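In what follows, a structure is listed as structure tokens, so that the remarks can point back to it.
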Amino acid sequence: MMTALMGVSVAVIGILLALVLGTVVRKGWSIVAGEFPQWFTKDIQLSPRRPGPGMKAAIVGTIVATATATVIAVPLGIAGAIYLNEYGKRSLFARSLRFLTSVMAGVPSIVMGLFIYVFWVVPRGVDGLNGFSGALALACLMLPIVVRSTEEMLRLVPQNLRDASLALGATASRTTLTVVIPKAAPGIISGSLLAVARAAGETAPLIFTIGAAKHTNWNPFSGTNTSLSLQIYANAKESFPTAQERAWGAALTLIVLAFVFTFVARSLSARLSKGGES
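Below you can see the structure in the form of structure tokens.
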């Protein structure tokens, strides 16, 4: 009975996922393929009713904001998880950090965006609307995911590996760096991937922080920017057919980017796993 119920659940989830992906591909492919390669090389049209390709600014903005957020959140999250699992353990400070991490994980993304807007963007005025501000908001969303997933992976490393390293004369820090982290690396990468995937698809925190650019901006510290998720939101609410097409095209592009990120991370994780076993 339980096996049949699980099979039905998997089938329902698979059907729903196939419907979503099929709809996005069917409606987005026409504009992405029909306007290739201009879709990836030209900037966004200034008017939503004006036909013409171009989503380069949003693609670049998504990559810039997500990459900057990753540089901020992943090292901090991994370092925090190492402290919690290897050093802090059950101390009062470690328990407080775990509680704060749990709270951050449950905070709606729009609240993170408002937090960065009030304490970072507003004091800087118009200059505060840039890719880095958006990256800060995304990093706040990524951080608890990285911390919790990394800590879980570190817990799965057998204690006897640590004991063997310490018995051979290695220090605790050297054991962590040369034994524990390499063993947990595939899981850490997978957890970081989940955080990156969430950040790449976020819209709410970017509304208040990144601005609304139509032209490509590679500099996260100067000038407004945009993202694929923002373009999906902005174009989907327009009544013009051209804007609706851009929304579907941006959605398909975002899915493709997420697939590329996933493929690269999975490949790297598998390579690290094989390297750890050899």
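The sequence shown begins at 13 in my numbering and counts up by one. Just so it is clear, CB atoms sit at the ideal spot from N, CA and C, and this is done for glycine as well. Bear in mind the structure is a predicted one, so any value in this text is a computation, not a measurement.
Suppose you measure from the CA of residue i to the CA of residue j; what does that come to, to the nearest Å?
{"i": "F144", "j": "A151", "result": "10 Å"}
{"i": "Q243", "j": "P60", "result": "11 Å"}
{"i": "M18", "j": "G26", "result": "12 Å"}
{"i": "L166", "j": "K54", "result": "45 Å"}
{"i": "T35", "j": "L112", "result": "39 Å"}
{"i": "V268", "j": "A212", "result": "12 Å"}
{"i": "V191", "j": "A207", "result": "24 Å"}
{"i": "V83", "j": "I43", "result": "33 Å"}
{"i": "P87", "j": "V24", "result": "38 Å"}
{"i": "L29", "j": "I201", "result": "24 Å"}
{"i": "E164", "j": "G146", "result": "28 Å"}
{"i": "L33", "j": "T74", "result": "20 Å"}
{"i": "N247", "j": "P65", "result": "13 Å"}
{"i": "R62", "j": "T228", "result": "19 Å"}
{"i": "T215", "j": "A225", "result": "15 Å"}
{"i": "D294", "j": "A282", "result": "With the chain represented from 13 up to 290, any question about residue 294 goes unanswered, as that position is not in the structure."}
How should residue i be labelled, buried or exposed, when 16 other C-beta atoms within 10 angstroms of its C-beta is the threshold for buried?
{"i": "N142", "result": "buried"}
{"i": "S239", "result": "buried"}
{"i": "R258", "result": "buried"}
{"i": "T15", "result": "exposed"}
{"i": "T188", "result": "buried"}
{"i": "L104", "result": "exposed"}
{"i": "G40", "result": "buried"}
{"i": "T183", "result": "exposed"}
{"i": "L168", "result": "exposed"}
{"i": "V20", "result": "exposed"}
{"i": "R160", "result": "buried"}
{"i": "A45", "result": "exposed"}
My understanding is that residue i touches residue j, with C-beta atoms under 8 Å, so please give their C-beta distance in whole angstroms.
{"i": "L155", "j": "A91", "result": "The pair is not a contact, with the Cβ atoms about 11 Å apart (cut-off 8 Å)."}
{"i": "V138", "j": "T221", "result": "Not really, about 12 Å apart at Cβ, beyond 8 Å."}
{"i": "A149", "j": "M124", "result": "5 Å"}
Relative to the C-alpha of residue i, which residue among the options is closest?
{"i": "W230", "options": "I219, V32, A70", "result": "A70"}
{"i": "K195", "options": "L173, T215, A211", "result": "L173"}
{"i": "K68", "options": "A277, L96, E47", "result": "E47"}
{"i": "L266", "options": "Y245, G125, A106", "result": "Y245"}
{"i": "A93", "options": "S114, S234, R38", "result": "S114"}
{"i": "S108", "options": "P120, Y95, V119", "result": "Y95"}
{"i": "G203", "options": "R186, I219, I157, F233", "result": "I157"}
{"i": "G223", "options": "I193, Y129, S185, T190", "result": "Y129"}
{"i": "A205", "options": "G89, L218, P120, L126", "result": "In the sequence on display, residue 205 carries Leu and not Ala. Measuring from the Cα of L205, the nearest candidate turns out to be G89."}
{"i": "F127", "options": "R210, L218, V72", "result": "L218"}
{"i": "S279", "options": "E250, L264, T228, P198", "result": "P198"}
{"i": "F271", "options": "A209, A225, A45", "result": "A209"}
{"i": "I56", "options": "S281, P253, A262, G235", "result": "A262"}
{"i": "S241", "options": "E98, R38, A77", "result": "A77"}
{"i": "N237", "options": "A81, V72, T80", "result": "V72"}
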